[in-house]
Each structure stands twice: as structure tokens, then as C-alpha cells.
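Input: a single structure, listed below in C-alpha cells.
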Amino acid sequence: MYEIEFYYDKNGRSDIVDMLDNLKKRSATSKNDRINREKILTYIGALAKYGTRIGKPFVKHIDGGLWELRPLSNRIFFFYWKDNKFVLLHHFMKKTQKTPPKEIKQKRLFGKE
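Heads up, the numbering used here is the position in the sequence shown plus 44, with the first residue counted as 1.
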């Protein structure tokens, strides 16, 4: 079993926590948002239980220590941290076939903080 942590910036904000909160608020009136949120939480739960061994379609190795969680068209970047922890960095909606290099570069900077 792995522990899941969310990355918080210097202002105490987490992109992923904010996104999940927004989906929760909208899920009362939007079936798509409810399904989206449930799928994301299911994938996070699978990551906590199995780690990166769950493989595709759940996770994909990006580069170095950077991975992406892949619920529906959502992408959540994460990396492994010591003591069986995964740190979830950032969320974005994938709109193209290939992950944008800008997104990958930005996430590498998160991991160095």
C-alpha cells in the first residue's frame, strides 16, 4: 500500500485538490462531472493500492521519475517519493494525442521544489 500526497505550492494551493473540489460542487447538477470525479478518485485509489505496477491504461511513465495518471481525458502528473509515497503534482485535460512538452517541463520544475 502506498501513501498519496498532493503537491501544495508556496501559497498553500493544490491544483488537484482545487479541481476535485470544483468537480464535487458541480457533480450535484452534472452527470459528466460526477463520473469524471469518481473516475479520478478510483484511479488515485488504484495507484495507492498497486503503485505504478498497475500499468496502462491507468499510468504511463513520462520521463525520469515523472509519471502520469490517466483517468479518461484527465492527466495527473506524479512522482514516487521516499517511504512508499506518491506526490500528485498537477492536473490538465489532454486534448491532443501527445502530451504537450510545456506540461512535462513545468512538472519537472514542481519536482525540484
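For every residue, glycine included, the Cβ atom is placed at its ideal position computed from N, Cα and C.
May I ask you to report which of helix, strand or coil DSSP gives Asn118? strand
How many angstroms separate the CA atom of Arg70 from the CA atom of Tyr124? 31 Å
Can you tell me the Cα-Cα spacing of Ser117 and Tyr52, whole angstroms? 23 Å
Which listed residue (Tyr94, Arg97, Lys100, Phe121) has its alpha carbon closest to that of Asp107: Phe121
Per DSSP, what kind of secondary structure is Met137 in: helix, strand or coil? strand
Throw me the rounded Cβ distance for the His135 and Met63 pair, which I believe falls under 8 Å. 5 Å
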